[in-house]
Amino acid sequence: MRSNGGNGTARVARSQGVAFSKSPVLAVRLPSWRSRVVLFGMFIAFGALAARAVWLQGTSSQQQFLQKEGANRYQRMQELPAVRGKITDRNGQVLASSIPVRAIWAAPEEVLAAPKDKIRALAGLLEMSEAELRKKLDSDRNLVYLKRQVEVETADKIKALDLDGMDIRPEYKRFYPQGEVMTHLVGFTNVDDKGQESMELAQQNNLVGKPGSRRVIKDGRGRIVEDIGGKVEPHNGKDVVLSVDSKIQYIAYTQLKSAVEHFGAKAGGAVVLDVHTGEVLALANYPSYDPNDRRKLTGAQLRNRVMTDTFEPGSTLKPITVALALDSGRVKPTTFIDTGGGKLTIADRTISDTKAHGVINVGQIIETSSNIGTSKIALSMPAQDMWEMFTKVGFGQQPKWGFPGAVAGRVRPYKSWRPIEQATMSYGNGISVSLIQLARSYMMFARNGDTIPLSFEKVEKEPLGQQIIKPQTAAQMREMLETVVSGKEGTARKAQIPGYRVGGKTGTAYKAENGRYAMPRKYIGSFVGIVPMSAPRFIIAVMIDEPTQNGHFGATVAAPTFAAVAINALRASNVPPDSNVTEIVVPADSGSEAM
């Protein structure tokens, strides 16, 4: 019975369970007050946290700070790009405009986790190899640029791949409809739509506009999940209207390109000015480049030679020297000067003409381009007077036309001139100018003795001029310049144009390199002309750099180029003829001039 009773007791114990505290193995021997202390400490901690939360939520300064910090982790301010202003010619033809494109961003970790076939397809759409794409994605940054200025159609295809971690953002790319024809005047922008050259750079502040913004919420992958307002609309840039005429610019560029290729020249430049307003109607350089595709752009193509390259103007400077002498009353057009047998020695240097002209008048000195005659006229005047004349027409002065890169050229201080230097400067040696400076210097001949500022933007009214020489002197010089083209002894017979009276002056100079004349000899041929002479409308200047075939004199390489530009520009502008001469006969030996 006891055994049975004992078994029954054990079963009851097992069914009811035994408290751990009754087990000698599991019994807790710690004092009971410790558990109370721990529990009390937990209550204190929770109370402190609650008090801290109430303080943070109830104090305005802390609340604003915390809200700002929290917002920074999920809110973003997204920039809304402004559209850059258009550039147009004087007649409204678009020369530069912005077209919508896309910037492709990616979260590296997420994109790399995509299937290989999708990564391969993405690389193909981005026009890069898979290895190049993976290299771009090998970054510790949360977001990286994969490619800028992607066409919208291509961006849509990328979006269709449905890759996690991709971000496609709107931006703009500049487009230049006239390409290489207009590029040295218009310039171009970089990938961030900032002007880098020419008028794109000069007018950056007007063209760029002001971007807008909007506040959005992004998820952990950088994707926009909500637009929460606060949108600021972008202000697009202003349109800029240039002075250039697209028709005349195309004429100048194509004729210049043809001349450079025909004469095997290194380069060339041409500029067309409006006599009445000072507007630059054309500015062309060759070689040129396509601003829409600059992947193979070279320094030679980029150089804006009309504005940035200086050279010795040679005989094109003679009219300025003679005009000074006429204006000061030292000579008249009919004053005779003995040029001797074609040689003049000053100190240890000898000045030469192409042939002996003997005794000729001032008008004939210009017509035949006599170095000796011009030198003798120059030496009859104070050096200071010549220097002041050169600076008045802009030589050696920093241009203030608002065009980047325009150079001042060089005119040495008159106090350092020796007689031989004064003589050679009178016919364009020992002085350097840019082609556009040379063209502007003839403004006083084309107008009534005054000159006006040049403008690369459209001008609404004729600006005020600065008087340089007397109107009578300007009229006398126009008569002389016309004989250079139409006279029997004129050096620019190849500049004649059927139906129009033309005046101008040729120039040929040795090319200087590193401060010395290049050996073997290299030449720069130039011509500056005015048309039509009865009522001057255009000044056209042409420069051919290092012609190597078919001649090198300015009369041979630059004068015919001038004629080709002028006749087409006159017709394109509907300028009526002012001459009955319809057929031009040029002597076979026409084209030589004194160096």
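For the sequence shown, our numbering gives the first residue as 1, with consecutive numbering after it.
Ideal Cβ positions, reconstructed from N, Cα and C, are used throughout, including at glycine.
| task | Determine the DSSP secondary structure at P170, reduced to helix, strand or coil. | result | strand
| message | Suppose the cutoff is 6 Å on Cβ atoms and the five residues either side in sequence are ignored; what does the same chain contact list for Y176 look like? | response | A96, P291, N292
| query | DSSP on S380, reduced to helix/strand/coil? | reply | coil
| What does a CB cutoff of less than 6 Å around R236 pick up in its chain, not counting 5 residues either side in sequence? | What sits at residue 236 in the sequence shown is Asn, not Arg. Around N236: A82, V83, G209.
| According to the neighbour-count rule (16 or more other Cβ atoms, all chains shown, within 10 Å of its Cβ), is I44 buried or exposed? | exposed
| Which residues mark the beginning and the end of the alpha helix (DSSP H) in which M480 is found? | 471-486
| Between the Cα of I360 and the Cα atoms of N580, R349, K332, which residue gives the shortest distance? | K332
| field | Length of the line joining the Cα atoms of G195 and V101 | value | 18 Å
| request: Determine the extent of the alpha helix (DSSP H) in which V306 is found, giving its start and end residues. | output: 305-308
| request: Can you tell me which of I530, G515, G85, D545 puts its alpha carbon nearest to the alpha carbon of Y523? | output: D545
| message | Along the chain, where does the beta strand (DSSP E) containing L344 start, and where does it finish? | response | 343-346
| task | Give the DSSP-derived three-state secondary structure of W417 in the structure shown. | result | coil
| message | Runs of 3 residues minimum, wholly inside the region 484-549: which ones carry the beta strand (DSSP E) assignment? | response | 503-510, 523-531, 538-545
| Got a sec? Which residues, its chain only, sit under 6 Å from K392 by beta carbon, not counting five neighbours each side? | I468
| request: Counting only the same chain and skipping the five closest in sequence on each side, list residues whose C-beta sits under 7 Å from that of Q476. | output: L326, P333
| Which residue comes first and which comes last in the alpha helix (DSSP H) that contains T150? | The question names Thr, but residue 150 is Val in the sequence shown. Looking at the DSSP string, V150 is not in any alpha helix (DSSP H); the run it does join, the beta strand (DSSP E), is 144-150.
| Own chain partners of P560 with C-beta closer than 8 Å, once the 5 adjacent residues on each side are dropped | A259, K494, A495
| request: For D450, collect the residues of the same chain with a Cβ closer than 7 Å to its Cβ; drop the 5 residues on either side in sequence, then sort them by chain order. | output: M444, G465, Q466, Q467, I468
| query | For V322 versus I372, is the C-beta distance shorter than 8 Å? | reply | no
| request: Provide the residue span of the alpha helix (DSSP H) that contains L297, from first to last. | output: Taken as a continuous stretch (DSSP letters only), L297 belongs to no alpha helix (DSSP H), as it is neither H nor E.
| field | Contact the region 333-347 vs the region 419-429: 3+ CB pairs below 8 Å | value | yes
| Cβ contact (3+ pairs, closer than 8 Å) linking the region 263-277 and the region 540-555 | yes
| DSSP three-state call for G6: helix, strand or coil? | Residue placement at G6 cannot be trusted, given a pLDDT of 49 that sits under 50; the coordinates are not used to answer.
| query | If you pair each beta-carbon of the region 502-509 with each one of the region 480-494, do three or more pairs fall below 8 Å? | reply | yes
| Using the C-alpha atoms, what's the distance from E130 back to G47? | 58 Å
| Looking only at C-alpha atoms, which of K238, P115, R410 sits nearest to T88? | K238
| request: Evaluate contact between the region 166-176 and the region 148-157, counting only Cβ atoms and requiring at least three cross-stretch pairs below 8 Å. | output: yes
| task | Return helix, strand or coil for N236, following the three-state DSSP convention. | result | coil
| request: Specify, as a first and last residue, the run of the beta strand (DSSP E) that R102 falls within. | output: 94-106
| query | With 16 as the cutoff for other CB atoms within 10 Å, does R521 come out buried or exposed? | reply | exposed
| Rounded to the nearest angstrom, how far is the Cβ of G278 from that of P404, given a contact under 8 Å? | Between P404 and G278 the Cβ distance is about 19 Å, and since that is not below 8 Å, they are no contact.
| How many whole angstroms separate the CB atoms of Q255 and A564, which I take to be in contact at a CB cut-off of 8 Å? | 4 Å
| task | Give every residue of the same chain whose Cβ lies closer than 7 Å to the Cβ of Q549, excluding the five residues on either side of it in the sequence, and list them in chain order. | result | F263, G264
| Cβ-based burial, R120 [other Cβ within 10 Å; buried from 16] | exposed
| request: Might you give, ordered along the chain, the residues of its own chain that have their beta carbon closer than 7 Å to the beta carbon of D353, omitting 5 neighbours on each side? | output: T339, G342, S370, N371, I372, A594
| request: Would you mind stating whether G507 and T310 have Cβ atoms separated by less than 8 Å? | output: no
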